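Undergrad: Those protein sequence lines, which keep their order, are chains L and R. Each residue of the first sequence is one higher than the last, beginning at 1 in the working numbering. Each residue of the second sequence is one higher than the last, beginning at 1001 in the working numbering. No residue lacks a Cβ here, since even glycine has one placed at the ideal position from N, Cα and C. Keep in mind the model is a prediction, meaning the values are calculated, not measured.
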Amino acid sequence: GESVGLHLPTLSVQEGDNSIINCAYSNSASDYFIWYKQESGKGPQFIIDIRSNMDKRQGQRVTVLLNKTVKHLSLQIAATQPGDSAVYFCAEIPYNQGGKLIFGQGTELSVKP
Amino acid sequence: EAGVTQFPSHSVIEKGQTVTLRCDPISGHDNLYWYRRVMGKEIKFLLHFVKESKQDESGMPNNRFLAERTGGTYSTLKVQPAELEDSGVYFCASSRSGAGDTQYFGPGTRLTVL
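#1: Between the C-alpha atoms of Glu1068(R) and Lys100(L), what's the straight-line distance to the nearest angstrom?
#2: Chain L partners of Asn1063(R), CB-CB under 9 Å?
#3: Quick one: using the 10 Å Cβ neighbour count with 16 as the cut-off for buried, is Pro82(L) buried or exposed?
#4: Under 6 Å Cβ to Cβ from Phe1045(R), same chain only, skipping five residues before and after it: list those, please.
#5: In three-state DSSP terms, what is Gln1006(R)?
#6: Among the residues of its own chain, which have a CB less than 6 Å from the CB of Leu1021(R), if the five just before and after it don't count?
#7: Using 8 Å for Cβ pairs, my map puts Ile29(L) next to Pro113(L). What's the rounded Cβ distance?
#8: So with CB distances below 7 Å, who are the chain R contacts of Phe89(L)?
#9: With Leu1111(R) and Lys1015(R) assumed to form a contact (beta carbons below 8 Å), what rounded beta-carbon distance in angstroms separates them?
#10: Check distances from the C-beta atoms of the region 21–43 of chain L to those of chain R and list, in chain order, the residues that come in under 9 Å.
#11: Given a threshold of 16 other Cβ atoms within 10 Å of its Cβ, counted over all protein chains shown, does Ile20(L) qualify as buried or as exposed?
#12: Looking at C-alpha atoms only, which residue of Glu1083(R), Asp1030(R), Ile1013(R) and Gly1088(R) is the closest neighbour of Asn1062(R)?
#13: In chain order, what residues of the same chain have a beta carbon less than 7 Å from the beta carbon of Val128(L), not counting five sequence neighbours either side?
#14: With a 10 Å radius around its C-beta and 16 neighbouring C-beta atoms as the bar for buried, classify Pro1025(R) as buried or exposed.
#15: DSSP three-state label for Thr1073(R), please.
#16: If you compare alpha carbons, which of Gln76(L), Gln97(L) and Val87(L) is closest to Gln38(L)?
#17: Whole angstroms are fine: how far does the CA of Leu1066(R) sit from the CA of Val1079(R)?
#18: Which class does Asp55(L) belong to by DSSP, given the choice of helix, strand or coil?
#19: For chain R, find out if any of its Cβ atoms is closer than 9 Å to the Cβ of Gln58(L); answer yes or no.
#20: For Leu73(L) and Tyr25(L), which I take to be in contact (beta-carbon distance under 8 Å), what is that distance rounded to the nearest angstrom?
#21: According to the neighbour-count rule (16 or more other Cβ atoms, all chains shown, within 10 Å of its Cβ), is Pro44(L) buried or exposed?
#22: Given Val1038(R), which residues of its chain have a CB within under 6 Å of its CB, disregarding the five upstream and five downstream residues?
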């Protein structure tokens, strides 16, 4: 069935290092992908998105890469800071399904000072 | 502009009781979504309203769950009777338009069924 999954449930990095969070998806019909950040006690917060006609998109300190050949999505965070500690979810929106998000399990990022 | 709000933030009830969760979307957002995250698992879609109409309720687990959005503003999600497996965090999200528009999430309601 349709699923979006993450390779690692936890990731620990040193402050200042770059972080890479990975995600695999199975629905080749999806045309829109989003990364969300969830801090403790809060709801998921939009970070960055990418359409299926792109393979890379950059934001402030974050970059999302999309490899449609292997159905792989990644989030790169440059110069990771303690405030980046959170659970990160990838999500996809399958084409023509009204906009519902299909989430992956989530990766917990821990930043060591 | 106020974000999506949810009430209550926490609810602890006993099996067999009824609980009603409320979501107030961002003003002007016609699209309202309910999701839930059961312990240790991914966030899963429950249903989608466009204004007061249910656009997609394919994620609703069973008929113990009832969602409404009278008047197309706030929404309620009632669980009756609650079971142990209903425990989790229930999120509401809203967007101005449908597919492809950013969904803004509320802080969630943590439901514990004992």
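TA: In terms of the structure at hand:
#1: 18 Å
#2: The premise fails here: Asn1063(R) is roughly 20 Å from chain L at the closest Cβ pair, so nothing lies under 9 Å.
#3: exposed
#4: Tyr1035 and Gly1059
#5: strand
#6: Leu1077, Tyr1090 and Thr1109
#7: In the sequence on display, residue 29(L) carries Ala and not Ile. At roughly 43 Å, the Cβ-Cβ gap does not stay under 8 Å, so Ala29(L) and Pro113(L) are not in contact.
#8: Correct list: Ile1043.
#9: Leu1111(R) to Lys1015(R), Cβ: 12 Å. No contact.
#10: Listed by position along the chain: Asp31, Tyr32, Ile34, Tyr36, Gln38, Gly41, Lys42 and Gly43.
#11: Classification of Ile20(L): exposed, given that the 10 Å Cβ count is below 16.
#12: Glu1083(R)
#13: What is shown of chain L runs 1 to 113, which leaves residue 128(L) out entirely.
#14: Classification for Pro1025(R): buried.
#15: coil
#16: Val87(L)
#17: 7 Å
#18: coil
#19: Not a single CB atom of chain R sits nearer than 9 Å to the CB of Gln58(L).
#20: 6 Å
#21: Around the CB of Pro44(L), 16 or more other CB atoms lie within 10 Å, so the residue is classed as buried.
#22: Gly1088
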